[in-house]
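In the working numbering, the protein residues as written are 550 to 837.
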């Protein structure tokens, strides 16, 4: 979904997220933790030396080991204007990945407009988990993470984007509303579902697997990478700062996007189409 922001609003969103990204990079340096920018943020670093011009988010990925250490250690040295959240800090938090953002801010993607939970303006932190070499084992793992991920989504909202004929859409919507209210009436919190999801995602972490993926996506193999592709990461400019980019970003981005260096036509440019943006007292302002 593409959203035409007021140019100054988009500029300030990007400025604010750069500020958070700089703090995140500082924390990882102090704590000696590995990370790389991910997805569109990696394309931005490689192709634009900053944000993709219409982009309104920053994605980070970390091996699960580094991700867990970050959430355990970063709060002690985090600047007081930021907040670090995931299901461990808030049982109502509705995502399988964490967010580092500004206190007293809000950034609500259009698809989440009807959810109760209000997300801060910040950057998304995705843990990477091992993908087993056995296609049978992976299929089971992926099916389990998908199942718990869908229940987590439906716990928050019964509304889904469906590309099916109208009669089928009505039936599916009725089923989704039924699941949503069943979860609500059973008082099942997001953290309970995330625990189930995480158990499935982490089940091969003590194996000999060499491929790592983001199981918050429907197709973790498409967004996968080996350790040799990820590290040692390299620093590239990102606006006024520098960030860590995968060692073999070309292999990773080509697998995920194909020809990632070609700027897509306007009708294929996507962002989060935020329904609400509140910068709050801590996000930086644009220079006059």
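Every residue, glycine too, gets a C-beta built ideally from N, C-alpha and C.
| Asked | Found |
| --- | --- |
| Entirely enclosed beta strand (DSSP E) segments - the segment 628-661, minimum 3 residues | 631-634, 647-651, 655-657 |
| Coarse secondary structure for residue 793, derived from DSSP in three states | strand |
| For residue 787, the first and last residue of its enclosing beta strand (DSSP E) | 783-787 |
| Residue 753 - DSSP class collapsed to helix/strand/coil | coil |
| Short Cβ contact (7 Å threshold) for residue 758 with residue 680 | yes |
| Burial state of residue 730, where buried means 16 or more other Cβ atoms lie within 10 Å | exposed |
| Exposure label - residue 654; buried when at least 16 CB within 10 Å | buried |
| Given 8 Å, three or more beta-carbon pairs between the segment 640-650 and the segment 804-814 | no |
| Cβ pair residue 657, residue 824 closer than 7 Å | yes |
| Alpha-carbon to alpha-carbon, residue 700 and residue 634 | 20 Å |
| Burial state of residue 624, where buried means 16 or more other Cβ atoms lie within 10 Å | exposed |
| Per-residue burial, residue 703 [other beta carbons within 10 Å of its own, 16 or more giving buried] | buried |
| Cβ contact check for the segment 688-695 and the segment 732-752: 3 or more pairs under 8 Å | yes |
| Supposed contact pair residue 632 and residue 790 - C-beta distance, whole angstroms, cut 8 Å | Incorrect: roughly 20 Å between the Cβ atoms, too far for contact. |
| Beta bridge counterpart(s) of residue 825 as assigned by DSSP | 657 |
| Counted within 10 angstroms of its Cβ, other Cβ atoms place residue 678 as buried (16 or more) or exposed | buried |
| DSSP three-state assignment for residue 579, whether helix, strand or coil | helix |
| Euclidean distance between Cα positions of residue 766 and residue 628 | 30 Å |
| Which listed residue (667, 569, 736, 707) has its alpha carbon closest to that of residue 722 | 707 |
| Residues of its chain near residue 756, where Cβ-Cβ distance is below 7 Å and the 5 sequence neighbours each way are ignored | 679, 681 |
| Alpha helix (DSSP H) segment containing residue 616, residue limits | 613-622 |
| Close beta carbons around residue 740, own chain, < 6 Å, minus the five adjacent residues each side | 636, 640 |
| Segment limits, alpha helix (DSSP H) that includes residue 592 | 589-592 |
| Counterpart residues of residue 762 in DSSP-defined beta bridges | 678 |
| is_contact[residue 799, chain C] using C-beta, thresh 7 Å | Included in the structure is just one protein chain, with no chain C present. |
| For residue 811, the first and last residue of its enclosing alpha helix (DSSP H) | No alpha helix (DSSP H) contains residue 811, which DSSP labels as neither H nor E. |
| Pick from 555, 564, 553, 554 that is closest to residue 836, judged by C-alpha positions | 564 |
| Distance CB(residue 589)-CB(residue 574) smaller than 7 Å | no |
| Same chain only: Cβ atoms within 7 Å of residue 840, ignoring 5 sequence neighbours per side | Residue 840 falls outside the range modelled here, since the chain spans only 550 to 837, and no answer is possible. |
| Buried/exposed call for residue 559, threshold 16 Cβ in 10 Å | buried |
| Residue 734 versus residue 642 - alpha carbon distance | 18 Å |
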